[in-house]
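2 protein chains.
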Amino acid sequence: MLQWLRRYRRELLAGDIGAGIVVAMMLIPQGMAYALVAGLPPVVGLYAGILPPILYALFGSSMTQSVGPMVIISLMTATALAPLAAAGSGLYGVLAAQLALLSGVVLLVCGLLRLGFVANFFSRPVMSGFTIGAALVIAQGQIEPLVGADLPAVHLPSLTLGLGSLALLLLARQYLAPLLVRLGMGAGAADTGARLAPMVVVVGATILVPLLGLHEAGVAVTGDVPSGLPGLNLALSHGHWRALLQPALLIGFMIFLISMSAAQTLALKRQEKVNSNYELIGVGVANIGSALTGALPVTGSISRSAVNFAAGAQTPLASVISAVLLALALVAPTGWLTLMPLPALAATIIVAVLGMFDLSTLRTAWRYDRGDALALVATAAGVLVLGVEAGVVIGVMLSMGTLIWRASRPHIAVLGRIAGTEHFRNIERYAAETVPEILMLRIDSNLFFGNVDAVNARIEEELQARPAVRHLVLVMSAVNSIDTTALFALKELNPALKLRGIALHLAEVKGPVLDRLKQSELLGELTGRLYLSAVMASDELSRTTRAASLCPQI
Amino acid sequence: MLQWLRRYRRELLAGDIGAGIVVAMMLIPQGMAYALVAGLPPVVGLYAGILPPILYALFGSSMTQSVGPMVIISLMTATALAPLAAAGSGLYGVLAAQLALLSGVVLLVCGLLRLGFVANFFSRPVMSGFTIGAALVIAQGQIEPLVGADLPAVHLPSLTLGLGSLALLLLARQYLAPLLVRLGMGAGAADTGARLAPMVVVVGATILVPLLGLHEAGVAVTGDVPSGLPGLNLALSHGHWRALLQPALLIGFMIFLISMSAAQTLALKRQEKVNSNYELIGVGVANIGSALTGALPVTGSISRSAVNFAAGAQTPLASVISAVLLALALVAPTGWLTLMPLPALAATIIVAVLGMFDLSTLRTAWRYDRGDALALVATAAGVLVLGVEAGVVIGVMLSMGTLIWRASRPHIAVLGRIAGTEHFRNIERYAAETVPEILMLRIDSNLFFGNVDAVNARIEEELQARPAVRHLVLVMSAVNSIDTTALFALKELNPALKLRGIALHLAEVKGPVLDRLKQSELLGELTGRLYLSAVMASDELSRTTRAASLCPQI
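Protein chains in written order, with this note's numbering: chain Z, 8 to 561; chain S, 8 to 561.
Structure, rendered in structure tokens:
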């Protein structure tokens, strides 16, 4: 931590300042919009862009991560708080900060306990399904503010402003970057410039409001944005700890998954390694900081971090600069922020979640692995039907489910000898010779609780099809580990086979697996032997059985 | 299904009749005791021994499974119903049957959907920890009936009877079978005989009750046992469906796990294969049958099934015979059942759960795999501290947690060439030579969402330690599958390496993995090549790099 500061070189400053400015410009409309998604006053979203990124800069692991409000986490916050308090009430604001505190503490503790591996509980298809589901829920929630439909009917000025903003943003998304390139900008700069379209559209719409008197015509605007920095204080509702615990666990988990995604995407480009435990600590401390300033749960944002990187950020100083700029915007007169029209903000949210509505993972999975594709669709459906919290649980269950389902169908090959060679191959793929008394099975998978039943079943099947077998050789060349459950399965298989007059042998056991097996009684109990290679097992056992059949009295 | 009946041969009959009698004798005290554990009238436990085993005989997959009340499932039933109704009330009985119905329907539906693989969500250490925790909870619950402590103080006659029964049962457990062998019995018959000790002790204690007037002295007895068969009717409380759903899912899961354990233990001995989907259907239908006769959730019992097998059961006819005998006992005058002293029944339960308190898995795991041992202890502690329902969830989480934790630390070896040979080995284990421009990594694990981050991190680490590398060769000889998440990781690694001037090659990709990769764009996008073997990759890439260094202008 803070290595980046000790090694800071002056040449990096220009990039960091540029990125800091760009990210601050992105954060102003985004922060306000995402606070609204969470059911909070817009200014809270700006608060969340100040202390959290500074703390992440001190404790986090990714160099170019942009920590702050993020739309999915805002949705989860709104979902968690809806049953507990009325949106907009004082209690609601207190609970949002308390939720950030609790999530932050959970993340920090997990980081200190080195539980970073929990990031691996979600497969990518499931994460994609979750994101798609959440994007749809968020977009649907923005239709009302977009068209001003909290009024008795659709409100024409709001509708015009909302759809106009939406159309501009969609056009910008498609054509602005190529246009800027054609105007002579570099590709990277053009891309970054295009990312500022939401800011430009919102500012433009905000200028229109007083010009056309739209707020007096009934277009909803952000309203009072108090000037000045957030105070450092922590109001807590002690009656709500219990109710907030489960949401905090689920939100903490998603905060971590999202920030890890963002960090890893950038790490690949920057030739960095992400340490998941430091990442836990970084976002944990950032959330505690968010709570201290009365804000809401925050995370590393994939899209904003990508902009930060593309705009030239070299170190977390970029985030610190963007935080300072945000603070300055709050210290300066905030009158201009009070007239931001909500339909235009809704348009920016819809365009942002459109960017999350990515079907390429589904397309690839559909062709490559139907099970993963179904898990993706089921997770998205779960979020849509049962809500975003249930969606997290469903996502973990489906990730684990596909894993265990696949594990329960291990690839096992009956081996035969390629005539005249020392090579043993799958008899279904090669013309390989077998000996009736010897069954050689190669298990192409680690042995663990998820597949021992399937391995046992396959062994039984092959033995029933080959009544002459007297020697079962398990060829372990593809087995990289054997867990306790599988150890017991082997320990129980051995005497069961002995009763049937079949000896159990192991061949080609890998070094680390053998080291571990030596800690158990299995090798001592084995009715058969341990062979270095399949060919040695086959040669010796063939000799034995031939001798036995020639001289049955022996 | 029912194949066993079509193929039935007369020679099997003697074994089935003998086993049927033994199991019925075991079931009478067991059924009554386990109904008490579930908070139900004792006769309900006998009802659960009639229709369920008959239905399992028709639909189940294991030949010698004994389906009926089981003490852990009774404990879970009591835990589930405690917050919903008072034990002994009419509603309580209705809800117990409703729970059996719901569990049965869940199991049946899972069976029809072929979800048998869910049995693999529990590792053996976790199952052992769950059993130990449940055994302790059950034993603790039996101390009160054993010593008659529902009276103002310990009740001396109850205490004497309870501890006396306990002492006899413990002695029988230790010495009866050897004694019977010494008296000339065969080992198998002696073992079966010893298993009937609880029946003998309970009958003996029951005879003492009227003889010594113990029930008048305040010793609790079973009380009214209505004569006659249970009626086929299904009383339901429609207001409780929602409250019963989660317990039914957890109980259904444990019913399945326990019956699969029982079936598999016996299958190994009988040279059978267990079909987990048929097993789901079998116990599902059995539970629906239990509900129809107003009984409680049932499952295959490991101990009773073992006795059934040992007593000579050849087919499910043994279970049908035992069910018929139980029905006859109910049709006959049931007066003798009404005076069974509860302290003696409590003693049989304590001895039964002592048999479940097996520390050998813990001992083996402690030496073989510390992580598995810790998961065992944590699951047992979870059951003790948070209860048996939370214990199931904790068990699944710990099974999955150890799996993902292990997956997140895959074994990856940097390969070098054994001088003068075509063999490539781990440079940490062998004196093997490497080429500065070529990094060969062998990944000793399947590639999936649980380990892609770790693989990426290791690649980055090795590349940072070897700045001269221009070719990264992933040797896939130990990779049996690549899931969608890992496919994306490779697809993203490829261009990231390209930016750094490093080509990505794959070597020794297995047939099935390659077949699948051909469904994706990865092979087309690859900056490097696909090599059949590590040696081919090394030879060609060494030539290329040597040529490049000799003639840098090329």
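Every residue, glycine too, gets a C-beta built ideally from N, C-alpha and C. Computed from a prediction, not measured in an experiment: that's the story for all the values here.
To the nearest angstrom, how far is it from the Cα of residue i to the Cα of residue j?
i	j	result
residue 387 of chain S	residue 264 of chain Z	30 Å
residue 85 of chain S	residue 324 of chain S	31 Å
residue 563 of chain S	residue 377 of chain S	Lying outside 8 to 561, the shown extent of chain S, residue 563 of chain S is not represented and no answer is given.
residue 96 of chain Z	residue 42 of chain Z	14 Å
residue 279 of chain S	residue 14 of chain S	16 Å
residue 198 of chain Z	residue 154 of chain Z	29 Å
residue 309 of chain S	residue 243 of chain Z	52 Å
residue 226 of chain Z	residue 151 of chain Z	12 Å
residue 569 of chain Z	residue 462 of chain S	Here chain Z comprises residues numbered 8 to 561, so residue 569 of chain Z is not present and cannot be evaluated.
residue 162 of chain S	residue 170 of chain S	12 Å
residue 25 of chain S	residue 333 of chain S	14 Å
residue 200 of chain S	residue 210 of chain S	15 Å
residue 72 of chain S	residue 30 of chain S	11 Å
residue 248 of chain Z	residue 374 of chain Z	46 Å
residue 526 of chain S	residue 331 of chain S	58 Å
residue 190 of chain S	residue 215 of chain S	27 Å
residue 160 of chain S	residue 224 of chain S	14 Å
residue 590 of chain S	residue 517 of chain S	Absent from the model: residue 590 of chain S. The displayed extent of chain S is 8 to 561, so no value can be given.
residue 446 of chain S	residue 470 of chain S	8 Å
residue 259 of chain S	residue 166 of chain S	36 Å
Keeping to the same chain, check which residues put their C-beta closer than 6 Å to that of residue i; ignore five residues upstream and five downstream.
i	result
residue 302 of chain S	51, 54, 55
residue 144 of chain Z	none
residue 98 of chain Z	92
residue 407 of chain Z	none
residue 441 of chain S	423
residue 213 of chain S	346, 347
Across which residues does DSSP place residue i in a beta bridge pair?
i	result
residue 162 of chain S	Beta-bridge pairing links residue 162 of chain S to no other residue.
residue 446 of chain Z	Z/479
residue 440 of chain Z	Z/424
residue 489 of chain S	S/454
residue 334 of chain Z	Partner(s): none; residue 334 of chain Z has no beta bridge.
residue 464 of chain S	DSSP output for residue 464 of chain S lists no bridge partner at all.
residue 306 of chain Z	Z/75
residue 538 of chain S	S/514
residue 502 of chain Z	For residue 502 of chain Z, which the question treats as bridged, DSSP gives no partner whatsoever.
residue 348 of chain Z	Z/228
Can you list, in chain order, the residues of its chain whose CB lies under 8 Å from that of residue i, leaving out five sequence neighbours each side?
i	result
residue 124 of chain Z	283
residue 23 of chain Z	319, 320, 321, 322, 324, 325, 328
residue 546 of chain Z	none
residue 206 of chain Z	32, 33, 35, 36
residue 385 of chain S	136, 401, 405
residue 204 of chain S	175, 176, 179, 180, 183
Assuming residue i and residue j form a contact by the criterion Cβ under 8 Å, report the distance between their Cβ atoms to the nearest whole angstrom.
i	j	result
residue 45 of chain S	residue 103 of chain S	6 Å
residue 481 of chain Z	residue 513 of chain Z	5 Å
residue 128 of chain Z	residue 403 of chain Z	5 Å
residue 335 of chain S	residue 117 of chain S	Residue 335 of chain S to residue 117 of chain S, Cβ: 34 Å. No contact.
residue 33 of chain Z	residue 311 of chain Z	6 Å
residue 317 of chain Z	residue 168 of chain Z	In fact, because the Cβ distance is near 30 Å, the residues do not count as touching under 8 Å.
residue 107 of chain S	residue 297 of chain S	5 Å
residue 83 of chain Z	residue 261 of chain Z	6 Å
residue 487 of chain Z	residue 485 of chain S	6 Å
Report whether the distance from the Cβ of residue i to the nearest heavy atom of the ligand MN is below 8 Å.
i	result
residue 400 of chain Z	Annotation note on the ligand MN: not contained in the displayed structure, which lists no ligands.
Please return the same chain residues whose Cβ sits closer than 7 Å to the Cβ of residue i, not counting the five positions on each side in sequence.
i	result
residue 139 of chain S	364, 387
List in chain order: all unbroken alpha helix (DSSP H) runs of 4+ residues lying wholly within the stretch 89-149 of chain Z. 97-119
Can you check the stretch 367-438 of chain S for any beta strand (DSSP E) of at least 3 residues that lies completely inside it and give the ranges in chain order? 419-424, 431-433
Every unbroken alpha helix (DSSP H) within the stretch 150-208 of chain Z, with a cutoff of 4 residues, ordered by chain: 163-178, 184-189, 194-202
Where in the stretch 208-278 of chain S do unbroken runs of the alpha helix (DSSP H), each at least 4 residues long, occur, reported from the N-terminal end onward? 248-277
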